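> A single structure is presented below for examination.
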Amino acid sequence: MKSDKYFLLAESAQLDFVIRTGLLAPMLASGTAFVNVSQLVSFMRPVRLFQRVRVDTRIMYANEKCTYFSHEIYTRDTLHAEVLVKMKFKRGSLSVGPFALLQIRFDEPPAQLLAWDQTLQAMASARGV
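With full-length UniProt numbering, letter number 1 in the sequence shown gets 1, and the count goes up by one each step, no holes.
Structure follows, in structure tokens:
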């Protein structure tokens, strides 16, 4: 499977998560959507064409601006990849704080998310953004 397909699986899993957790109705009622800000994939093993996969999705962390998802891609019980997604809730051009929809707060972000954010900031600085 080509690498772009892993991102498609993650986006589908995100939508599935929003539906299963009951977030879809409040999002639609308030005109809120989600936008992926950044994605990072770690490959462990290749997924073959037509191989059945399971995607386990969880929220790793949320701050005042973004929510961080982890999507682990398995075949049977074997982990093949993990896709991390930094996502914002948006209402038109305005960002919506995750707590407004999720109603949960997190203590400290995991170290891997801090490192990823530092890398994203360094890349933005190098581009002059």
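Note that CB positions come from ideal geometry on N, CA and C, so glycine has one too. Treat the numbers as computed from the prediction; the structure is a model and nothing was measured.
Short of 8 Å in beta carbon distance, which residues of its chain neighbour residue 101, apart from the five on each side in sequence? Order them along the chain.
Taking the sequence shown and counting its residues from 1, one reaches residue 101 at position 101. These residues qualify, in order along the chain: 23, 26, 27, 32, 89.
> Compute the Euclidean distance between the alpha carbons of residue 91 and residue 66, then round it to the nearest angstrom.
Locating residue 91 in the sequence shown gives position 91, counting from the first residue. Locating residue 66 in the sequence shown gives position 66, counting from the first residue. Distance between the alpha carbons of residue 91 and residue 66 is about 14 Å.
> Could you check what DSSP says for residue 35 in three-state terms: helix, strand or coil?
Taking the first residue of the sequence shown as position 1, residue 35 is located at position 35. Strand at residue 35.
> Output the boundary residues of the alpha helix (DSSP H) element that contains residue 47.
The sequence position of residue 47 within the sequence shown is 47, counting from 1. From DSSP, residue 47 is part of no alpha helix (DSSP H); its letter is neither H nor E.
> Buried or exposed: residue 98, going by 16 or more other Cβ atoms within 10 Å of its Cβ?
Taking the sequence shown and counting its residues from 1, one reaches residue 98 at position 98. So residue 98 ends up on the buried side.
> Whose C-alpha, out of 34, 110, 42, is nearest the C-alpha of residue 12?
Here residue 12 is taken as the residue at index 12 of the sequence shown, counted from 1. If we check each option's Cα against that of residue 12, 34 comes out closest.
> Excluding the 5 residues flanking residue 130 on each side, which residues of the same chain have their C-beta closer than 6 Å to its C-beta?
Outside the modelled stretch of the chain, which goes from 1 to 129, sits residue 130, for which no answer is possible.
> Can you list, in chain order, the residues of its chain with a C-beta nearer than 8 Å to that of residue 46? Leave out the 5 residues immediately preceding and following it.
Reading the sequence shown from its first residue, position 46 is the one you call residue 46. If we look at residue 46 and ignore the five residues flanking it on each side, its Cβ neighbours are 1, 80.
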